[in-house]
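Q:
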Ligand SMILES: Cc1ncc(C[n+]2csc(CCOP(=O)(O)OP(=O)(O)O)c2C)c(N)n1
Ligand SMILES: [Mg+2]
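Residue numbers (the numbering used here): -18 to 873.
In structure tokens:
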């Protein structure tokens, strides 16, 4: 930490220092801060040129960034706002305490909001503008654990009933309750952004602010001064995602973005940086990234003390303390503060001599002083050219006193004893008597009280209530039969991959009059891998500054074209950032009232496996759009090996309830899925999103064999029946993705070499089949008296004879999970195990999913059923060239 203001360096006389400081002061006075800064900058350069080694520091002293003389007047009624804030504090606390009285251990958080109340209330009373018909509104990411405060405010605003508050964390009670944290899925009229998985919201906020600019630059919404506010915890900043994209924000000059970090110096277990200073650490990280950093450390009570301190001793002392010591100071008596903080230097003691101990104890921190917080917010919204972070010092559990103010255990505090409740009540002036207060009732002053009137008037002036979520976009017509028709017709023998087929569809969609402009292609530096480079030229890569250079490949047809109205979001190597863009685009129907349709294509292994929690948040947010897992399939992506070859993502897509996951084999399947997806999401308004894997193996795309659309969407359909349906030996083979070709090949081998007639099914989605199966089971269990529902798989296979064999490029668990609804035993082949750097054929042999292993599996099933002799099997193993003692891919 380098924030010391040294007073006597290397024997230099005080007077010399004083002279330098005075001349700077006089420049400041006569010519202003800009000239003073210029001189200092020149001085620094001069020093460097003359060999003076100036240590780098991105820190400023441990003091408020905004000096008192630049502090604006507080525009509100401070006393009234304090009373309103106290009521919110009380109700937030009551909500948690009551919930835990009714149901022990139901949980909830008191101390986070207690520390952040002023940070929020200044925002609600003066800054957060609601979304209205005329104005898009500010976008606010509330710290997840502060949710009781947001509910308590909405209660005072008359938006949430006492009944709802009573059922905080008990959402399933009659009349409904309130979700623990912000979840648009559970409270779709209230919350907009899920923030409780820490670290996600800062990154999402950055890309949201960037997406707002993208919409403006593309002329899809008017440019406004709407802001994106993100409230985070200081502990939360340890999540790599929290700071992982801050340079994008400054590079893009996102002055529409404001972070507020609630620096209570504590996380759950204890101090964030007991032995250091989290505020200084964050300051240097953000300043280094060229953000505008505003520190709000000290409240107004400190101002006169600073003023008396002409020697800079106080700032120096403040910079010396580590956070562990600060934490102790805020819970200590005035006498202790005098002795241990000011006592380090007699000159410091002198500064506070006139103040009694009680006044020392009451020296507020900046984050609890509305005037300081207002000044910081005002400076942040007025700031131009870069994003702003406000580092506000607060006390965790502020006001809880003995019940947990500033204590290490405070994060988990959910109960207060009678004395603690009375004390809290008295401290915040809640009009409840001793007896009533221990019942912790919710308290709302009458409608005509000055508090309610004021609160309502403030919100009215700011356009309405926040947070509030509503769907603002009109449904699309989504009548795209013509658009997708050509893809149902096959490739006329031309070999193309499903990726190429998809890119062809994307190209066509981009030209469509209804959805062309709405499409947002998003790619983390893999556009060439997916053959998308032709789009660079046609729709351009978004860049807020256009293209300031002549691209090296300008003479080629497909040159790298960046443009201010470019449509592609080429995010660079950040799947998390790309997903955050996808979320912003896929929720714009609510946030902006614009039906943007994201198509986020990425290396499939780096999707669900790497950024699953963002996908979970997207699902919670009711994101609409398409995730495309490119180069998927453990054996279809040759060469790349263990890290890239994805045989997992369809399993990892299972837990996200509203993700529809497809593993299509042919272009027409993809066309059917995308067309239907656009209809369901953008016309019918369903809260689903799509995951489609596409592969890079080229093969001829067949035409759609009749009307199999329903089967494609529901998860399976018979693609190619057996040529000889009358044969004695019968089988049903199931294939997905590129492995369907192996299955088709096995069908031929079985028929020509072994006299087995097999039907081949394309299984487009095991997830759809599984969900349908468990839903039928459930319904039957709950309605035993009614006609039993039959799972779709069972219906499909009702009259299908023979043994059953499935093969895919994913784990065997996928077919296994639906096998119980099949008429007979199922043999499953799949790619469990680590991948290898190899070609497709070797990989498919290694994982035992090629046509030979499918053939063998079928014969083996027939053997188990007593339909063929052992000798047939032995001979087949030999004829097919299968090494029976090869390594087991699952464990090798
Ligand atoms: C990704 C993630 N990990 C862990 C948690 C559990 N958790 C909830 S709050 C908390 C501490 C938060 O500390 P801080 O960010 O400083 O917020 P404060 O409550 O102090 O304002 C933890 C560890 C979580 N919600 N998300
Ligand atoms: Mg904290």
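Note that beta-carbon positions come from the ideal geometry of N, C-alpha and C, so glycine has one too. In this text the structure is predicted, and so the values were computed from the model without any measurement.
Closer than 7 Å by C-beta to residue 387: which residues in its own chain qualify, once you throw out the five before and the five after it? Chain order, please.
A: Result list for residue 387: 308, 311, 312, 376, 377, 378, in chain order.
Q: Determine, using beta-carbon pairs with one atom in the stretch 184 to 200 and one in the stretch 225 to 233, whether at least three such pairs fall under 8 Å.
A: Yes: the two stretches touch, three or more of their Cβ pairs being nearer than 8 Å.
Q: Would you check if the stretch 145 to 165 and the stretch 67 to 80 touch, i.e. whether three or more CB-CB distances between them fall below 8 Å?
A: The stretch 67 to 80, when compared against the stretch 145 to 165, does touch it at the 8 Å Cβ threshold.
Q: Is DSSP giving residue -12 helix, strand or coil here?
A: Per-residue confidence for residue -12 stands at a pLDDT of 48, beneath the threshold of 50, marking its modelled position as unreliable; the derived number appears in the next sentence. Residue state, collapsed to three classes: coil.
Q: For residue 13, does the count of other Cβ atoms within 10 angstroms reach 16, so buried, or fall short, so exposed?
A: The residue in question, residue 13, is exposed, as its Cβ has fewer than 16 Cβ neighbours within 10 Å.
Q: Are there 16 or more other CB atoms within 10 angstroms of the CB of residue 763, so buried, or fewer, so exposed?
A: So residue 763 counts as exposed.
Q: What are the partner residues of residue 120, as DSSP defines its beta bridges?
A: Per DSSP, 209.
Q: Which of helix, strand or coil does DSSP assign to residue 742?
A: Looking at residue 742 - three-state DSSP - the assignment turns out to be strand.
Q: Cutting at 6 Å between CB atoms, please list the residues of its own chain near residue 279, excluding the five before and the five after it.
A: Excluding residues within five positions, the ones whose Cβ falls inside 6 Å are 45, 347.
Q: Return the CA-CA distance between residue 401 and residue 63, expressed in angstroms with no decimal places.
A: Roughly 21 Å separates the two Cα atoms.
Q: With a Cβ-Cβ cutoff of 7 Å, do residue 315 and residue 342 count as a contact?
A: In this structure, residue 342 lies closer than 7 Å to residue 315 by Cβ.
Q: Do you know how far the Cα of residue 774 is from the Cα of residue 872?
A: In a straight line, the C-alpha of residue 872 is about 31 Å away from that of residue 774.
Q: Regarding residue 249 and ligand 1, is the C-beta to nearest heavy atom distance less than 6 Å?
A: Yes - ligand 1 has a heavy atom lying nearer than 6 Å to the Cβ of residue 249.
Q: Can you find a heavy atom of ligand 1 that lies under 6 Å from the Cβ of residue 349?
A: No, since every heavy atom of ligand 1 falls outside the 6 Å radius drawn around the Cβ of residue 349.
Q: Between residue 389 and ligand 2, is the CB less than 6 Å from at least one heavy atom?
A: Checking every heavy atom of ligand 2 against the Cβ of residue 389, none is found closer than 6 Å.
Q: How many Å lie between residue 547 and residue 300 at the Cα?
A: Near 47 Å, if we compare the C-alpha coordinates of residue 300 and residue 547.
Q: Which residue spans inside the stretch 633 to 720 form an unbroken alpha helix (DSSP H) run of at least 4?
A: Those alpha helix (DSSP H) runs which fall completely within the stretch 633 to 720 and span 4+ residues are 648 to 659, 690 to 695.
Q: In angstroms with no decimal places, state the Cα-to-Cα distance between residue 682 and residue 480.
A: Taking the straight line joining both Cα atoms gives about 12 Å.
Q: Measure the CB-CB distance between residue 575 and residue 543 and report whether it falls below 7 Å.
A: No, these two residues do not count as a Cβ contact at 7 Å.
Q: In angstroms, rounded to a whole number, what distance separates the CA positions of residue 305 and residue 82?
A: Distance between the alpha carbons of residue 305 and residue 82 is about 33 Å.
Q: Thinking just about the alpha-carbon of each residue, which of 452, 287, 37, 489 is nearest to the one in residue 468?
A: When each option's Cα is compared against that of residue 468, the closest is 489.
Q: For residue 222, is the beta carbon positioned less than 6 Å from some heavy atom of ligand 1?
A: No; taking the cut-off as 6 Å, the Cβ of residue 222 has no heavy atom of ligand 1 nearer than that.
Q: Can you tell me whether residue 28 is buried or exposed? The criterion is at least 16 other CB atoms within 10 Å of its CB, across all chains shown.
A: Exposed, since its Cβ has fewer than 16 Cβ neighbours within 10 Å.
Q: In terms of residue numbering, what span does the alpha helix (DSSP H) encompassing residue 374 cover?
A: Element bounds for residue 374: not the alpha helix (DSSP H) but the beta strand (DSSP E), 369 to 374.
Q: In its own chain, which residues sit with a C-beta less than 8 Å from the C-beta of residue 422, not counting the 5 before and 5 after it?
A: Same-chain partners within the cutoff: 75, 413.
Q: Just to confirm the assignment, what range does the beta strand (DSSP E) spanning residue 595 have?
A: No beta strand (DSSP E) holds residue 595; the alpha helix (DSSP H) holding it covers 589 to 601.
Q: Any heavy atom of ligand 1 within a distance shorter than 6 Å of the CB on residue 179?
A: True, at least one ligand heavy atom lies under 6 Å from that Cβ.
Q: Given residue 92, which residues of its chain have a CB within under 7 Å of its CB, disregarding the five upstream and five downstream residues?
A: Cβ neighbours of residue 92 beyond the five flanking positions: 377, 378, 381, 385, 391, 392, 394.
Q: Any heavy atom of ligand 1 closer than 6 Å to the Cβ of residue 243?
A: Yes, Cβ of residue 243 sits closer than 6 Å to a heavy atom of ligand 1.
Q: Determine the direct distance from the alpha carbon of residue 755 to that of residue 793, and round the result to whole angstroms.
A: In a straight line, the C-alpha of residue 793 is about 19 Å away from that of residue 755.
Q: Relative to the C-alpha of residue 325, which candidate in 303, 295, 354, 345 has its C-alpha closest?
A: Residue 325 has its Cα closest to that of 295, out of 303, 295, 354, 345.
Q: Keeping to the same chain, check which residues put their C-beta closer than 6 Å to that of residue 274; ignore five residues upstream and five downstream.
A: Counting only Cβ-Cβ distances below 6 Å, and skipping sequence neighbours, we find 264, 267, 268, 370.
Q: So, helix, strand or coil for residue 503, using DSSP?
A: Residue state, collapsed to three classes: strand.
Q: If we call anything under 7 Å between Cβ atoms a contact, is residue 741 one with residue 714?
A: Yes.
Q: Residue range of the beta strand (DSSP E) that residue 583 falls in?
A: Here the beta strand (DSSP E) through residue 583 covers 578 to 584.
Q: What I want to know is whether the C-beta of residue 126 ends up closer than 6 Å to one or more non-hydrogen atoms of ligand 1.
A: Flag set: Cβ of residue 126 near ligand 1.
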